[in-house]
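This report concerns only the one structure given below.
Residue numbers (the numbering used here), protein chains in the order written: chain A, 28 to 291; chain B, 28 to 291; chain G, 58 to 380; chain L, 58 to 380.
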C-alpha cells in the first residue's frame, strides 16, 4: 500500500469520527476500543465508554495492550464497575446512544452475520465465534456503527445467517413488527474505503462517502449488491497527522492493532 | 398474669426453640428478630439470619433497639450485604430452610391474612399493612413458622383474605397444582398457649403441644375451628431461667418488646 | 402460553418504546452539575398525579427530607410504591398527597387504615418482593418478570399480576408487570455533583429504583469529587446518567438513620406513632415538622437542634463496612 | 400469550422443583472448611456429561487452572457455556472434553471452527447477553426471563428461546430458558475457607453463576479469615452456602490476569494462538501446559517460573479500586 496510513488506521479514524462527545457509547472488543480512545483524546473527552464486562465511563490507559477489555488498563478510572446483566439492561432501557461492532458479512439492509458461512447451518463451510454481544448492541443501541473490511465476499445480497438484526427485509416497520425497539438499527458502516448509511425510506444501504483517491465505482465493484448512492457525496479524509500521532505514539506504539504501512 | 413470664416471652422462646443450628433462616420484622438473637445465643450459634433488606449472616448487637432491621445494630458483622431481589431469588432457589412470620388471622389450612378484615375487599372493616414479605416467605421457604396471639378471632374457619398461601383448600397437592414450590408450606404455629403443626395427609392444623398449666380444652375454646389433636401431646415448658436471663438482661433490658410481668 | 388468571388491581402498563424514547431525550448524557435545593428538585420533577417510589426504608437510609418537601409543596393525586413504609404512607395520606398505594407493606397507624377502609385511598395489592421485582422489570426495560410468588392468593387477585402457563415447563407461573415510576427518590451516603452515587450497607433496590424511574432525585449526606468516584468504581451504586437532581441533605433520613453516620431518632418515631392514629394529632405533627419550616435545613435547625444531631451522630458507633 | 416462534437449538429444561430439592439437600448450610486441592474438587464435582459454566473471561479473572484440571482429568461429553471465551472452548474441544457449546462468543482458532464445521461439536446459538440472562433466570429459580434481544434473527432460530405475545403489551417478546449448570467455576480474589468470596473489579456474572449452578467451585488468589469477611460484608460477592469447594490457586488465571494482582501473560497467549489453528500444535500445547504437569502448582513451577511470576506481578501497577 502506497498510502501513508494502514487500512486499520483509516477505519479506526472513521469510526472515532462518528463518536460524538457527551454520549454513552457501547464499545466492542478490539478495533472499537482503539477508536474510542482516539475519540476521547481528540474530540470527545466526555464520551462515556460502556463495556459488556461492566465498566462504565473508563479512561483507558495507554499504550493500549492487546486482549484487555475487562482488565485494569481498559477499566481504569471508571465511573462505575458493574456486570453484564446491568449493562445490557441499561441498553434495553434506551440509555446507550451508540454501539460499535465488527462483522463478517453484511447485506443491503444491514443485517449482519458473525456466525457461519454456507447454505446449511448444520454443515457450515466456515464457522465463526458467534454473536458475542453484537445481537444486543444492534437490537438495543439507538445507533450502531458496523466496522467491516471492504471485500466483495463481505457485502452480500443475503447474509448466510442473521446473527444480529439490521432492517430485516427492509419493509417499513419490519423491526418494530418483530418486537425490536423502535427507532434503532444500523446507522453507519465503516470500511477501509467508504462510509455508508441507510435510506430512511427503503432502508437500503447507501454510500455516503468515499475515501479520497477512490471513486464510487471502485467501491461498488467490491460489493456483491449495488447500494444506493447519496445525492451529495462526502469525501472521506485520510487520517490526519494528529490522528496518526495519537494512534502511533500514544495508543498503539507497537503497532499490534494498527499495523505498519508499506513505506515504514 | 400470675406467671413469671410474659406472653411475648413465651412466644419468643417457643419460636427460638424451633430454630435449628446451622440453618438459613429468614427473619421477619419484630418478634422473630428477638427470637433469632435468643436462638443464636443459646443453641444455634451458627444459624444464618437472612433479612429481606439484604443482610445475610448478621450477628445483631444487643441490647436490641426497636425499629431496626436494615440498620447497623441488626446488620452487624454480616457475611454479606445484598438487596431484596437477591434475597428473594435465593429463597425461590430453595436456599432458605425456615421463615418466621407474624399474622393477623389464620385458618385451619394455615392460610394467613395480614391484609384486611370483612366480607368485602372493597369496603374493609379493618385494613392492615398487607403482605410485606410474608407472601414470599410462605411461598418459598422450606418451612414456615407463624407466630400469632392465641385469640378466637384470629383462628378462623376461613380467613377473610388469603394474603399468603397455606395449604389452600387442604386438598392433596393443592399448592403444587397452583404452581407453588413443592414441599413447602406452614410448618408450625406458635401462640401464647400452644404449638401446632399440620397433618401430613389432611393438611389440617394439629395441636402438637400445650403450655404447662393449660389443657387442650383451654386451647380449643379460643379457636373458631376445631383443629386435629396429635396422638402424643408435647408439654410446652415455660421459658427457662436462662432464656429469661438472656432476653431480659442481654437482648431487651428496657422490655420494649417482651414487656413486664404482673409481678414485676 | 395461556393466561390462566389476571389480577384486577389498578396498575399502568408502560409502553417500553415510549419509555426508551423518554430515556433517550430526557436523561442527560453529559456530566452537568445537578446540585439544587430540595424545593427546586421537587418543583421540577414531581408533578401532581405522578407515581413515586423511594428507597429504602423509613428507619434506614430513607429519603425523608424529600418526602417532607413533597408534602410541603402539597402535591396531589400521587400513587406511592410502599415497598416497606412505616411512616411515609401515613404522612402522605394525612397531607392529602395520595390517590393510591401499591402495597407492599403499608404501615403504620389507624389513620392510614381508615383512609383505605373509607375508600379515600385506592390500593393495589402486591408484596415487598414482587413490588421490588416490578422495579427490576422496569429497570431491565422488559414489560414483566416471572415469579412463583403471589400464586393462589387473594393478594394476586387484587394485584395486576397475571398467571400464565410457562411454555417451558407447562406449569403455572405469575408475571408481574414492570413499574416505571415518574419519580424515584433515593437517599445516599455520598455522591458527586453529577449524581454518581454511593449507598453503603444493605438495601432494598437503589439501583433498580434509579434505573426504572423516569426522574431520579438523589438526596445525599455528602457531596464528593468525581476524582474520588473514579478511584473506587466498585462503590458506585448509581451512575450519574440515571440521576436528574442531587440534593445536599445531611441528616436527610431523620427521623430514620443513615448507616455509619447517625442513628435513627427513636423519640421522634414514638412521637410520630402517637400521632399516627389520629387526624388532629397528625395535623399538628405535619404542621410542626413540615409546614411550619421552610426547608430541611430549617427543620434541622428548629425542630431537631444541634444537641440532638450530635447525640444521634454519637450513637452511630458501628462504622465497620459503611465506607 | 401465544407462542409465536420456538428456537430449535438443543437445551435442557430444568424442573424448578427438582432444582430446589437439590439445593435443599446438597448445598451445605453449615460453615464447614471446603478448602481442597483442585484435583479433589474436580474429581468430586465435575462428572462426564455435565453442563459447565465459568466466570468471567479468558483474559481477566478466569478460572484457568480449574479448566486445565478438568482437561487433566479427561472429563468427557461436557456442555460448555461460552459466555465469552477466547481460549477455554478451544482447549476443551482439543482435549476431547466437550459434546457441545452454548455460544456466546466462541473463540478462538480454526481448530474449534473445524470441530463445529465437521459436526464433532454441537452448538446452540445464544448471545453473550442472553446466555448471561439465562444464568440470572437460573439464579432466580424461575424457568425463563424475557428479553427484546434475539428477535427476528437466525440466532433465535437456532437457540432455545421462544417468542411469545406479551400479555401486558400484546407485543412480541423473547423468553430465554433458565440455565442451571451442574458446575460453575469462578475464580476470585479472596475468600474464606467456607467460600465467602470477593471479586474485585467489573465482571460478567459471578454471583448469578454461583447461584444458578448446582455445584460451585471457587478458585482463589488468597484465603482470608471469616473475621475479615464480616468486617466488610459489602465486599462479599458470593456467600459461602452457594460454594461447594474452595481451591487455593494463586496465579490461577494464568495466562489471563487477576486485576490488581498480576497482568495477563501476553507471550503465553500468543503461543496459544499460534497453536489454536492446528491439531498437532495444540496437542503439543496441551501436553506442555496440562498433561505433563500434575497440578497448577507444578505448572507454575515448571512452565512459568518465579521470574515470570514476579514480572507479571510487577506489571500490575494499577491497584486503584481492586480491594
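The beta carbon of each residue, even a glycine, is placed where N, CA and C say it ideally should be.
Between residue i and chain L, is there a C-beta pair that is closer than 8 Å?
i: residue 117/G; result: no
i: residue 77/A; result: no
i: residue 205/A; result: yes
i: residue 124/B; result: yes
i: residue 106/B; result: yes
i: residue 296/G; result: no
i: residue 194/A; result: no
i: residue 28/B; result: Reliability fails at residue 28/B, whose pLDDT of 43 lies under 50, so the model's placement of it is uncertain and the value that follows must be treated cautiously. Closer than 8 Å: no.
i: residue 214/B; result: no
i: residue 119/A; result: yes
Output needed for residue i: all residues of its chain with C-beta closer than 8 Å, excluding positions within five of it in sequence on either side, in chain order.
i: residue 28/A; result: Interpretation of residue 28/A is limited by its pLDDT of 43, a score under 50 that renders its predicted location unreliable; no figure is taken from the coordinates.
i: residue 202/G; result: 190, 191, 193, 194, 232, 233 and 235
i: residue 131/L; result: 152, 153 and 154
i: residue 67/G; result: 157, 179, 181 and 217
i: residue 197/B; result: 135, 136, 229, 230 and 231
With a threshold of 8 Å between beta-carbons, can residue i be considered close to chain G, or not?
i: residue 100/B; result: yes
i: residue 375/L; result: no
i: residue 87/B; result: no
i: residue 291/L; result: yes
i: residue 258/L; result: yes
Taking 8 Å as the threshold (beta carbon to beta carbon), is residue i in contact with chain B?
i: residue 361/G; result: no
i: residue 307/L; result: no
Excluding the 5 residues preceding and the 5 following residue i in the sequence, name in chain order all residues of the same chain whose CB lies nearer than 7 Å to its CB.
i: residue 71/L; result: 235 and 237
i: residue 170/A; result: 124, 125 and 214
i: residue 151/B; result: 143, 144 and 145
Would you say residue i and residue j are within 8 Å of each other, going by their C-beta atoms?
i: residue 167/L; j: residue 160/A; result: no
i: residue 182/L; j: residue 142/A; result: yes
i: residue 118/L; j: residue 302/L; result: no
i: residue 143/G; j: residue 124/G; result: no
i: residue 279/A; j: residue 91/A; result: yes
i: residue 270/B; j: residue 69/B; result: yes
i: residue 255/G; j: residue 292/G; result: yes
i: residue 306/G; j: residue 380/G; result: no
Determine the extent of the beta strand (DSSP E) in which residue i is found, giving its start and end residues.
i: residue 232/B; result: 232 to 238
i: residue 258/B; result: 255 to 263
i: residue 220/B; result: Here residue 220/B belongs to no beta strand (DSSP E), and DSSP marks it neither H nor E.
i: residue 114/B; result: Unbroken run through residue 114/B is the alpha helix (DSSP H), 111 to 119; no beta strand (DSSP E).
i: residue 108/G; result: 108 to 112
i: residue 139/L; result: 135 to 139
Mind checking which residues open and close the alpha helix (DSSP H) that includes residue i?
i: residue 288/G; result: 283 to 288
i: residue 59/B; result: 58 to 69
i: residue 35/B; result: 34 to 44
i: residue 325/L; result: 323 to 332
i: residue 339/G; result: 336 to 343
Less than 6 Å between C-beta atoms, sequence neighbours within five positions excluded: which residues of the same chain meet that for residue i?
i: residue 107/B; result: 83
i: residue 60/L; result: 219 and 221
i: residue 109/A; result: 81
i: residue 196/L; result: 265, 268 and 269
i: residue 106/G; result: 134
i: residue 132/B; result: 140, 181, 183 and 186
i: residue 110/G; result: 138, 238, 241 and 266
Flag residue i as yes if its beta-carbon sits less than 8 Å from any beta-carbon of chain A, otherwise no.
i: residue 156/L; result: no
Handout entry: Stretch-stretch touch, CB-based, cutoff 8 Å, three pairs: the segment 139 to 154 of chain A with the segment 184 to 203 of chain A
Key = yes
Practice task
Would you check if there are 3 or more beta carbon pairs closer than 8 Å linking the segment 357 to 364 of chain L to the segment 293 to 300 of chain L?
Solution key: The answer is no - the segment 293 to 300 of chain L does not touch the segment 357 to 364 of chain L, with fewer than three Cβ pairs under 8 Å.
Handout entry: Sufficient close CB pairs (3 or more, under 8 Å) joining the segment 49 to 58 of chain A to the segment 35 to 49 of chain B
Key = no
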